[in-house]
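Worksheet: the structure to be examined is printed underneath.
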Amino acid sequence: MSRLKGRRIVLGVTGSISAYKAAEVVRGLVREQADVRVVMTREAGAFVGAVTFSALTGHPVAVEQFPDTGMAGEEHVDLAAWADTVAIAPATANIIGKMANGLGDDLLSTVMLACEAPCCLAPAMNFRMWRNEAVQSNLDRLRSRGVHVIDPEFGLLANGEEGDGRLAAPEQIVEAVAILADPDHDLAGCNVLVSAGPTAEDIDPVRCVTNRSSGKMGYALARAAARRGASVTLVAGPTSLQDPYGVAVEHVRTAGEMRDAVLANREGQHAVIMAAAVADYRPGTQAPRKMKKTQESLTLEMTRTADILAEVAADRPPVLIGFAAETHDGLDNARRKLADKDLDLVVYNDVTADGAGFETDTNIVTLIRRDGREESLPLQSKSDVADRVMDEVAALLRNREVVPA
Ligand code: CTP
Numbered sequence: 115m116s117r118l119k120g121r122r123i124v125l126g127v128t129g130s131i132s133a134y135k136a137a138e139v140v141r142g143l144v145r146e147q148a149d150v151r152v153v154m155t156r157e158a159g160a161f162v163g164a165v166t167f168s169a170l171t172g173h174p175v176a177v178e179q180f181p182d183t184g185m186a187g188e189e190h191v192d193l194a195a196w197a198d199t200v201a202i203a204p205a206t207a208n209i210i211g212k213m214a215n216g217l218g219d220d221l222l223s224t225v226m227l228a229c230e231a232p233c234c235l236a237p238a239m240n241f242r243m244w245r246n247e248a249v250q251s252n253l254d255r256l257r258s259r260g261v262h263v264i265d266p267e268f269g270l271l272a273n274g275e276e277g278d279g280r281l282a283a284p285e286q287i288v289e290a291v292a293i294l295a296d297p298d299h300d301l302a303g304c305n306v307l308v309s310a311g312p313t314a315e316d317i318d319p320v321r322c323v324t325n326r327s328s329g330k331m332g333y334a335l336a337r338a339a340a341r342r343g344a345s346v347t348l349v350a351g352p353t354s355l356q357d358p359y360g361v362a363v364e365h366v367r368t369a370g371e372m373r374d375a376v377l378a379n380r381e382g383q384h385a386v387i388m389a390a391a392v393a394d395y396r397p398g399t400q401a402p403r404k405m406k407k408t409q410e411s412l413t414l415e416m417t418r419t420a421d422i423l424a425e426v427a428a429d430r431p432p433v434l435i436g437f438a439a440e441t442h443d444g445l446d447n448a449r450r451k452l453a454d455k456d457l458d459l460v461v462y463n464d465v466t467a468d469g470a471g472f473e474t475d476t477n478i479v480t481l482i483r484r485d486g487r488e489e490s491l492p493l494q495s496k497s498d499v500a501d502r503v504m505d506e507v508a509a510l511l512r513n514r515e516v517v518p519a
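115 is the number of the first residue of the sequence shown in this note's numbering; add one for each residue after it.
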């Protein structure tokens with residue numbers, strides 16, 4: 115179950131060509147069972163219809179500050195008080211300017227004046243407007259007041275030009291809202307390092323030895339930790355996944371690079387979670403040029419790579435967690451890894467089971483704890499598994515008094 119479930123989100127939508135993308139933001143929040151109310155400016159109505167948002171949220175969309183209803187006039191205060199979190203996406207230069215200067219001349223700007231909840235905004239505008247000094251200084255003022263700004267991306271803009279100012283991707287906005295809206299941020303102040311994905315060991319400039327890990331489990335862990343308020347570093351092998359919002363990502367390719375990146379970031383981590391499927395062997399030599407099929411058969415001489423988790427265990431962070439993806443004798447193998455690598459927890463999964471393992475969005479895992487307690491979890495999404503693992507991390511850190519009980 116998502117930690118966004120039942121969280122009350124007001125989403126403000128202002129008049130930008132990218133307003134249609136707000137529908138995807140709403141869908142992402144509703145998919146996680148957040149309770150979303152949309153406030154549109156009149157200008158937003160020129161780009162996207164209120165019916166879209168009322169259909170997606172199941173609630174009427176608020177537009178007018180003084181609607182012709184019995185309780186006209188107090189909606190801005192009620193909405194602001196109701197919200198756990200307020201997000202504006204897209205946010206025009208106009209709403210940014212009004213917020214920075216305390217102006218309220220329509221429903222959304224007065225909701226923002228009355229708003230005491232955590233707030234984020236995702237600007238969208240032409241790059242010339244984006245780099246305008248007044249806009250930037252308004253954003254600085256808002257940041258200094260604790261408003262979280264989701265930076266726009268570089269890319270194709272509405273008029274065909276390229277530049278900064280494109281609305282951030284809807285999934286990134288959902289993620290930013292989820293971080294703000296988390297009910298208790300029980301990993302605030304904690305540093306968490308996660309490794310994810312496969313590694314790739316080159317044979318020659320065009321071929322490599324790799325494995326089927328998609329990185330989805332590790333990325334879900336990084337997102338789950340960030341949502342709960344941790345400072346997260348993700349060391350990621352080659353995957354096709356988008357960097358998680360609010361996470362420092364180091365991209366690596368080989369087991370050697372992953373080792374270097376993990377050890378370089380090891381200092382100061384409260385929890386290290388090795389979810390990566392690290393190659394145990396790499397080709398002893400790499401051919402400098404593409405190998406040609408001149409022989410009938412080919413033998414590759416492979417060399418052992420370093421065991422990163424075992425090296426981290428030698429100078430233990432307060433919490434150390436490993437994964438064991440197995441095809442046979444799984445529980446025994448996983449228990450052995452827990453002991454050999456001096457771990458607090460091993461997350462074991464049988465990669466041959468339907469709905470578990472590589473590439474899927476779901477997993478079936480057993481948590482094997484240092485004190486011998488084992489718990490088999492039912493099939494669930496990798497994000498839910500990640501949240502369960504973070505429950506363990508938070509409990510271990512509380513027990514070790516790294517975070518207050
Ligand atoms: N691991 C690691 N460095 C390696 C290999 C594995 O840090 N060179 C970590 C993985 O990220 C995982 C745990 O160790 O958290 C177990 O990995 P796994 O590949 O399942 O086991 P191995 O240690 O390689 O043992 P075996 O070959 O017996 O399966």
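Virtual Cβ for every residue (Gly too), placed ideally from N, Cα, C.
What you are looking at is a predicted structure, and each value in this text was computed from that prediction instead of being measured.
beta-carbon residue i near the ligand CTP non-hydrogen atom, thresh 6 angstroms
{"i": "Asp-394", "result": "yes"}
{"i": "Lys-451", "result": "yes"}
{"i": "Leu-423", "result": "yes"}
{"i": "Thr-419", "result": "yes"}
{"i": "Ala-390", "result": "yes"}
Which of helix, strand or coil DSSP assigns to residue i
{"i": "His-299", "result": "coil"}
{"i": "Ile-317", "result": "strand"}
{"i": "Glu-440", "result": "strand"}
{"i": "Leu-445", "result": "helix"}
{"i": "Val-140", "result": "helix"}
{"i": "Gln-147", "result": "coil"}
{"i": "Val-516", "result": "coil"}
{"i": "Ile-131", "result": "helix"}
{"i": "Gln-409", "result": "coil"}
{"i": "Ser-497", "result": "helix"}
Residues bridged to residue i (per DSSP)
{"i": "Thr-199", "result": "Ile-123"}
{"i": "Met-416", "result": "Pro-397"}
{"i": "Pro-312", "result": "Ala-391"}
{"i": "Cys-322", "result": "Asp-316"}
{"i": "Glu-489", "result": "Leu-481"}
{"i": "Leu-434", "result": "Val-386"}
{"i": "Leu-459", "result": "Ile-435 and Arg-483"}
{"i": "Glu-267", "result": "Arg-280"}
{"i": "Val-306", "result": "Val-346 and Ala-385"}
{"i": "Val-152", "result": "Leu-125"}
{"i": "Gln-286", "result": "Gln-286 pairs with nothing; no bridge assigned."}
{"i": "Asp-464", "result": "Glu-440"}
{"i": "Thr-474", "result": "Its beta-bridge partners do not exist; DSSP assigns none."}
Residue i CB to nearest heavy atom of the ligand FMN below 6 angstroms
{"i": "Phe-437", "result": "Ligands displayed in this structure: the ligand CTP; the ligand FMN is not among them."}
C-beta neighbour in chain B for residue i, strict 7 angstroms
{"i": "Gly-277", "result": "Included in the structure is just one protein chain, with no chain B present."}
Cβ-Cβ separation, residue j to residue i (assumed contact under 8 angstroms), whole Å
{"i": "Glu-364", "j": "Thr-347", "result": "7 angstroms"}
{"i": "Pro-352", "j": "Ala-292", "result": "Contact doesn't hold; Cβ gap of about 26 angstroms is too wide."}
{"i": "Ala-148", "j": "Leu-118", "result": "4 angstroms"}
{"i": "Arg-326", "j": "Glu-189", "result": "Going by Cβ atoms, the distance from Arg-326 to Glu-189 rounds to 52 angstroms, so no, they are not a contact pair."}
{"i": "Val-461", "j": "Val-503", "result": "6 angstroms"}
{"i": "Gly-172", "j": "Val-153", "result": "Rounded, the Cβ-Cβ distance is 16 angstroms, inconsistent with contact."}
{"i": "Ser-132", "j": "Pro-237", "result": "In fact, because the Cβ distance is near 10 angstroms, the residues do not count as touching under 8 angstroms."}
{"i": "Asp-296", "j": "Arg-341", "result": "5 angstroms"}
{"i": "Thr-476", "j": "Glu-489", "result": "Not quite, the Cβ-Cβ distance comes to about 17 angstroms (not below 8 angstroms), so this is no contact."}
{"i": "Ser-130", "j": "Phe-167", "result": "No, Ser-130 and Phe-167 are not in contact; Cβ-Cβ is about 15 angstroms, not under 8 angstroms."}
{"i": "Glu-68", "j": "Phe-241", "result": "The requested residue 68 does not occur in the structure, where the chain is confined to residues 115 to 519."}
{"i": "Asp-300", "j": "Val-517", "result": "7 angstroms"}
{"i": "Ala-228", "j": "Val-191", "result": "5 angstroms"}
Only counting runs of 3 or more residues, tell me where the beta strand (DSSP E) segments fall wholly within the region 166-254, in order along the chain.
Counting whole runs of 3 or more residues, the region 166-254 contains the beta strand (DSSP E) stretches 199-205 and 233-237.
If you scan the region 331-400 from start to end, which runs of the beta strand (DSSP E) of 3 or more residues do you find wholly inside it?
Given a length threshold of 3 residues, each whole run of the beta strand (DSSP E) inside the region 331-400 is given here in chain order: 345-350, 362-365, 385-388 and 395-397.
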